[in-house]
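Input: a single structure, listed below in structure tokens.
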Amino acid sequence: MNMRKPRHRNDVLCPVEAALSRIGGKWKGLIVFRLLERTWRFNELMRSLPGCTQRMLTNQLRDLEEDGIVHREIFPQVPPRVEYSLTEIGRDLEPMVSAMCDWGQRHIEGVDTEFVLSLIHISEPTRLWSGSRMPSSA
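Residue numbers (my numbering): 5 to 142.
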């Protein structure tokens, strides 16, 4: 893992700053959220993130892979199949994502207050999908 340039000029890197440098931004948190649910292929992941361009998703996935959060598996077939999943380090983000979900329900008007982020014992992956329909698995 290479170290990104810190936002501040402190000699000691703040752990919150270090974490945000890995998972901060508009898309990384949502990518991790989706990957907590299941393994995704690139195009279905892109369809699940309206507004995220192919280039942006590619760059974000590369960053997350470089940081050891995302695993990219290439299957040797024609056409090539690539799947993305979380590593053990990436799965360690589940409590943080769950806490953000809880915080959003308490403090942001208009969010789904019935939404439950229960990823360990989930029986229906569609419960996590917040869009109008769950993209089909390919």
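Backbone N, C-alpha and C fix where the C-beta goes; we use that ideal spot for every residue, glycine too.
Check	Outcome
Start and end of the alpha helix (DSSP H) containing LEU53?	Where LEU53 is concerned, there is no enclosing alpha helix (DSSP H), given that its DSSP letter is neither H nor E.
Hey, would you say ILE27 sits closer than 9 Å to LEU90, going by beta carbons?	no
Can you give me the start and stop residues for the beta strand (DSSP E) that ILE78 sits inside?	74 to 79
Buried or exposed: which applies to LYS32, given that a residue is buried once 16 or more other Cβ atoms fall within 10 Å of its Cβ?	buried
On a Cα-Cα basis, can you pick out the residue from SER102, PHE79 and ALA23 that is closest to ARG38?	SER102
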